[in-house]
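A.B. asks: My questions will all concern the structure given below.
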Amino acid sequence: MRKEDLINLTEEFGCPLYVYDAATIERQYNRLTTAFKKVDRFKVHYAVKALSNLNILKLLKGFGSGLDTVSIEEVRLGLHAGFDPKDIIYTPNGVSMEEIEQVALMGVQINIDNLSILEQFGTKHPTIPVCIRINPHVMAGGNANISVGHIDSKFGISIHQLPHLLRIIENTKMHINGIHMHTGSDILDVEVFLYAAEILFETAKNFKSLDFIDFGSGFKVPYKKGDIETDVEEFGKKLTKRFLAFEKEYGRELTLAFEPGKFLVSEAGFFLAKVNVVKQTTSTVFAGVDTGFNHLIRPMLYGSEHYIENISNPKGKERFYSVVGYICETDTFASNKRIKEITEGDILCFHNAGAYCYSMSSNYNSRVKPAEVLWLNGKGHLIRQRETFEDILRNQVEIDFVNTNTNETVNA
Ligand SMILES: *Cc1c(COP(=O)(O)O)cnc(C)c1O
1 MRKEDLINLT
11 EEFGCPLYVY
21 DAATIERQYN
31 RLTTAFKKVD
41 RFKVHYAVKA
51 LSNLNILKLL
61 KGFGSGLDTV
71 SIEEVRLGLH
81 AGFDPKDIIY
91 TPNGVSMEEI
101 EQVALMGVQI
111 NIDNLSILEQ
121 FGTKHPTIPV
131 CIRINPHVMA
141 GGNANISVGH
151 IDSKFGISIH
161 QLPHLLRIIE
171 NTKMHINGIH
181 MHTGSDILDV
191 EVFLYAAEIL
201 FETAKNFKSL
211 DFIDFGSGFK
221 VPYKKGDIET
231 DVEEFGKKLT
241 KRFLAFEKEY
251 GRELTLAFEP
261 GKFLVSEAGF
271 FLAKVNVVKQ
281 TTSTVFAGVD
291 TGFNHLIRPM
301 LYGSEHYIEN
311 ISNPKGKERF
321 YSVVGYICET
331 DTFASNKRIK
341 EITEGDILCF
351 HNAGAYCYSM
361 SSNYNSRVKP
371 AEVLWLNGKG
381 HLIRQRETFE
391 DILRNQVEID
401 FVNTNTNETV
411 NA
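Mapping to UniProt numbering: the sequence shown position 309 is 309, numbers consecutive.
As structure tokens, then:
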């Protein structure tokens with residue numbers, strides 16, 4: 001997207017503002033399907049939690065994507081967006097048996113990640129096919145919070161529990177139609193991923209009638225200049241070769257599935273904020289913007305760095321700034337970064353703001369959430385209104401203090 005278009009959108013819809021470029025999402029979707037074009041049955045399930053606006057879901061549906069969901073609310077969003085329940089996979093963790101049953105009855109593919117629920121579910125619903133989430137115990141992932149395949153992780157059924165897993169299946173006569181792993185976000189090394197895939201293939205041989213193998217996600221995208229990204233094309237070549245060989249060995253046609261979130265939507269997103277104040281201190285120059293970690297928490301939560309560009313002054317000379325939010329506690333987006341000279345009122349653009357940005361936003365400091373715009377065919381479409389003060393009041397229940405005031409304990 002051009003800088004002028006982004007500036008115009010802030011004039012039309014105000015700041016702070018999330019903008020998503022539909023063409024970038026399409027490009028990423030096509031990159032993935034092209035990398036695996038030699039696999040007849042290849043399926044992408046977009047991970048809703050990355051960015052859950054209905055229009056993003058509908059856009060991806062148009063490309064042929066299914067959905068990966070982690071809550072019944074995400075399943076409902078998917079159904080609302082028009083997805084066939086068969087194209088939705090539900091991969092909850094630590095969710096109640098009741099919720100899992102409700103989702104199963106909607107016709108959604110269930111993915112179970114612990115033996116306790118598997119045994120209960122198989123006993124009650126032996127005819128509903130279930131996918132199982134395996135923990136291959138491979139240390140992958142860019143950050144302890146997003147590495148979910150290692151030994152201490154709460155996710156998945158350990159490969160070491162395979163004998164118990166098989167016994168549950170034998171006892172309940174339940175039908176396992178898929179196996180799954182998701183080893184964490186930000187996989188730096190294709191070889192590590194392929195190693196985990198080998199463990200999954202080995203595990204798959206224990207199940208006679210699988211329809212699919214789901215390799216989860218973990219594609220790394222570049223957040224700043226010089227960042228490594230997953231070489232999807234090379235990865236596609238290597239995994240395809242291995243998958244086709246396994247399919248022959250297995251003796252049955254299988255679907256190869258992925259469930260990327262970040263890879264599909266991260267780069268498509270731009271977060272636009274206005275500079276309220278430029279503040280020179282003894283140690284740095286702060287640029288204070290009209291937003292904070294209430295709207296973009298990744299830098300404070302994960303230490304992630306979003307490249308920040310001053311789109312109001314693209315030809316200016318570079319100076320060092322610390323970009324901070326307006327939340328009343330430490331709220332740092334970036335420290336000591338070269339940015340084109342900033343004047344109060346300038347618009348700063350945070351790149352890679354598509355995944356885990358709006359979807360993790362909150363009303364902390366009683367601030368309203370920003371608006372969202374989809375840039376499609378050269379035009380900006382409002383896809384979520386900026387919240388208003390009424391949204392801050394909504395669901396608050398005011399009790400009648402005047403008439404309860406006669407209560408002794410209140411007066412005491
Ligand atoms: C979060 C999640 C994903 C998506 O991960 P990305 O790093 O955004 O691609 C996929 N599968 C499961 C089960 C997840 O929890």
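Cβ atoms here follow ideal geometry from the backbone N, Cα and C, with glycine treated the same way.
The structure presented is a predicted model; accordingly, all values stated were derived computationally and were not measured.
#1: Note down the Cα distance separating glutamate 344 from serine 283, rounded to an integer number of angstroms.
#2: Closer than 8 Å by C-beta to lysine 317: which residues in its own chain qualify, once you throw out the five before and the five after it? Chain order, please.
#3: Among Tyr29, Thr24 and Glu372, which residue has its Cα nearest to the Cα of residue 414?
#4: For aspartate 227, which three-state DSSP category applies?
#5: What separation, rounded to the nearest whole angstrom, lies between the Cα atoms of isoleucine 199 and glutamate 234?
#6: Taking DSSP as the reference, what is the three-state secondary structure of leucine 194?
#7: Just to check, is the beta-carbon of valine 75 closer than 8 Å to a non-hydrogen atom of ligand 1?
#8: Given the structure, does proline 260 come close to ligand 1, in the sense that its CB is under 8 Å from one of the ligand's heavy atoms?
#9: Does isoleucine 297 come out as helix, strand or coil in the three-state DSSP assignment?
#10: At a cut of 8 Å, does the region 26-44 reach the region 382-394 through at least three beta carbon pairs?
#11: Answer with buried or exposed for valine 108, where buried requires no fewer than 16 other C-beta atoms within 10 angstroms of its C-beta.
#12: Give every residue of the same chain whose Cβ lies closer than 8 Å to the Cβ of histidine 132, excluding the five residues on either side of it in the sequence, and list them in chain order.
#13: Give the single residue among Val397, Arg41 and Lys369 whose Cα lies nearest to the Cα of serine 65.
#14: Taking buried to mean at least 16 other C-beta atoms within 10 Å of its own C-beta, is histidine 295 buried or exposed?
#15: Using DSSP's beta-bridge definition, name the partner residues of tyrosine 20.
#16: Looking at leucine 210: is its Cβ nearer than 9 Å to the Cβ of leucine 239?
#17: Along the chain, which unbroken stretches of the alpha helix (DSSP H) at least 4 residues long are found entirely within the region 83-171?
#18: Please state if the CB of leucine 51 and the CB of glycine 78 are separated by a distance shorter than 9 Å.
#19: Thinking C-beta only, is aspartate 21 closer than 9 Å to glycine 269?
C.D. replies: Walking through what the data contain:
#1: 19 Å
#2: Lys340 and Glu341
#3: The shown model of the chain, from 1 to 412, leaves out residue 414, and the question about it has no answer.
#4: coil
#5: 20 Å
#6: helix
#7: no
#8: yes
#9: coil
#10: no
#11: buried
#12: In the sequence as presented, histidine is not what sits at residue 132; that position holds isoleucine. Contacts found: Asn111, Ile112, Asp113, Leu118, Ile157, Leu165, Ile176, Gly178, Ile179 and His180.
#13: Arg41
#14: buried
#15: Gly269 and Leu374
#16: no
#17: 97-105 and 115-124
#18: no
#19: yes
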